[in-house]
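Visitor: Have a look at this one.
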Amino acid sequence: MAFVITHPCTNEKAGECVSICPVDCITEGPDQYFIDPNACIDCGACVAACPVEAIIDEHDLSEEQEVYLEKAESFFG
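Just so we're aligned, residue 1 is where the sequence shown starts under UniProt numbering, counting upward by one.
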């Protein structure tokens with residue numbers, strides 16, 4: 001997985017990231033958007049488009065943010 005959508009997106013769901021993604025790997029979930037780890041091409045377009053700065057490189061996640069990686073993996077099962 002290249003990028004993870006974290007807590008600022010929860011219940012915000014601005015959605016600008018969805019239309020900018022060139023491979024359509026961002027899907028709306030019940031409380032936030034999720035990036036499909038198997039489809040993401042690591043282009044970073046979503047990072048620049050996110051108005052709430054919720055999208056973070058997986059390798060830059062803090063320990064507290066790791067739960068969002070787990071949520072994304074579970075969502076795409």
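Ideal placement from N, C-alpha and C gives every residue a C-beta, glycine not left out.
Whose CA, out of Gln65, Ile56 and Ile5, lies closest to the CA of Glu28?
Guide: By 1-based counting over the sequence shown, the position of residue 28 is 28. It is Ile5 whose Cα lies nearest to the Cα of Glu28.
Visitor: For the region 43-72, list the beta strand (DSSP E) runs that are entirely contained and at least 3 residues long, ordered along the chain.
Guide: 55-57, all fully within the region 43-72.
Visitor: Can you give me the C-alpha to C-alpha distance between Asn11 and Val67, rounded to a whole angstrom?
Guide: Locating residue 11 in the sequence shown gives position 11, where the first residue counts as 1. Locating residue 67 in the sequence shown gives position 67, where the first residue counts as 1. Going from the Cα of Asn11 to the Cα of Val67 covers about 16 angstroms.
Visitor: For Glu73 versus Pro37, is the C-beta spacing smaller than 8 angstroms?
Guide: Here residue 73 is taken as the residue at index 73 of the sequence shown, counted from 1. Here residue 37 is taken as the residue at index 37 of the sequence shown, counted from 1. Yes, the Cβ-Cβ distance between Glu73 and Pro37 is below 8 angstroms.
Visitor: So for Val18, helix, strand or coil by DSSP?
Guide: In the sequence shown, residue 18 corresponds to position 18, counting from 1. Reduced to three states, the DSSP call for Val18 is helix.
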